[in-house]
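Take the sequence shown: its letters are residues 1 to 144, numbered as in UniProt numbering.
We put the beta carbon where it would ideally sit given N, CA and C, even for glycine.
As structure tokens, the structure follows; a few thoughts come after it.
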Amino acid sequence: MKRLLLIVILAASTLISRAQSTALEVADKYFANKEYSKASDYYDQVLKADPANVKALRRMGFCIMNFQGQELNATQFFNRALKIEPKDPVSNYYMGVIFMDQAKLASNTNEKSDYKAKAALYLKNAINYGSEDAKGAIKDLNGI
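This is the structure:
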């Protein structure tokens with residue numbers, strides 16, 4: 001009986017793993033075609049099954065960044081990725097970009113300063129962890 005239960009558990013685990021892989025593959029195809037709304041639906045499925053999937057977290061954040069008016073909501077996904085991989089240059093870079101964009105939009109001087117400080121922190125981390133893109137972003141940030 002225990003052996004049968006073990007076999008059932010292993011079979012179910014294999015099916016779940018295949019479903020996650022398939023959802024990730026489909027999401028990646030939509031992502032590659034810049035169909036971010038469709039991709040986000042599949043990344044959501046992946047994250048429900050595997051909340052610590054850093055690739056899916058990053059890509060979900062990027063998808064949400066591309067939804068009109070939702071840029072700040074993307075930070076939740078990059079933050080989750082950074083809790084798992086604090087030295088992730090990609091998540092640090094996009095957090096910096098989001099806060100830099102918010103600094104550009106801010107009408108209040110204090111709010112602008114706050115966003116610029118957050119952007120600088122994340123962009124400097126991204127540079128320290130190997131992001132070349134963050135170097136150019138820092139220059140842009142200094143011009144705000």
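Legend entry - Environment of Gly-61 [buried if 16+ CB atoms lie within 10 Å]: buried
Inset, instruction - Give the DSSP-derived three-state secondary structure of Tyr-129 in the structure shown. - result: coil
Legend entry - 8 angstroms Cβ cutoff met for Ala-119 and Leu-105: no
Inset, instruction - Could you pull the start and end residues of the alpha helix (DSSP H) that Lys-83 belongs to? - result: 75 to 84
Legend entry - Residue range of the unbroken alpha helix (DSSP H) whose run includes Ser-40: 36 to 49
Legend entry - Beta carbon of Phe-78 nearer than 8 angstroms to that of Arg-58: yes
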